[in-house]
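K.L.:
Going by this note's numbering, the first residue of the sequence shown is number 10, and it counts up by one from there.
Glycine included, C-beta positions come from ideal geometry on N, C-alpha and C.
Have a look at this one before I ask anything.
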Amino acid sequence: DNWSENDGTGIVFDSSTMFTLPNGSKRSPDVSWMSKAKWNALSPSEKSRFSRIVPDFVIELRSPTDISSALEEKMAEYIENGVRLGWLIDPMKKKVRIYRANGEVVILDDPETVSGEDVLPGFVLDVKQLW
10 DNWSENDGTG
20 IVFDSSTMFT
30 LPNGSKRSPD
40 VSWMSKAKWN
50 ALSPSEKSRF
60 SRIVPDFVIE
70 LRSPTDISSA
80 LEEKMAEYIE
90 NGVRLGWLID
100 PMKKKVRIYR
110 ANGEVVILDD
120 PETVSGEDVL
130 PGFVLDVKQL
140 W
């Protein structure tokens, strides 16, 4: 949230925000971000309901009760519906799965940081804090 505020190019949403994806699924990522241009294109009424809009970036944080394969399917669904970058963070296994718009999935084992790449230029998350 601090990075987004300082950067000023987008808006951060927490897990209480639900998005209606183009395929009709309603999803609430743990963290999401979308560009201000995309957000500002919505009408006031669209901003106050579960609009058919896709964030540019999502994070899912695996909890002990989550099933890995279900989260992986959810991440694939985000990408198929227009999310540009997604991170599935698994603190128990110390792994981060990076999902990209081109369908590429990269698995990082015990990384110190993860970069927002070209979607969130300049954003770097210190994932060691999560282990």
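1) Is the separation between the beta-carbon of V128 and that of F66 shorter than 8 Å?
2) Can you give the Cα-Cα distance for F132 and S124, rounded to whole angstroms?
3) Here's the rule I'm using: 16 or more other beta-carbon atoms within 10 Å means buried, otherwise exposed. How should E69 be labelled?
4) Quick check on DSSP: helix, strand or coil for M27?
5) Which residues does DSSP pair with L134 in a beta bridge?
P.N.:
In short, the structure shows the following:
1) The residue you call residue 128 lines up with position 119 of the sequence shown. The residue you call residue 66 lines up with position 57 of the sequence shown. The answer is yes: Cβ separation under 8 Å.
2) Taking the first residue of the sequence shown as position 1, residue 132 is located at position 123. Taking the first residue of the sequence shown as position 1, residue 124 is located at position 115. The C-alpha of S124 is placed about 6 Å away from the C-alpha of F132.
3) Reading the sequence shown from its first residue, position 60 is the one you call residue 69. By the neighbour-count criterion, in which a residue is buried when 16 or more other Cβ atoms sit within 10 angstroms of its Cβ, E69 is buried.
4) Residue 27 sits at position 18 when you count from the first residue of the sequence shown. Looking at M27 - three-state DSSP - the assignment turns out to be coil, as it is neither helix nor strand.
5) Taking the first residue of the sequence shown as 1, we reach residue 134 at position 125. Note: L134 sits in a beta bridge opposite V123.
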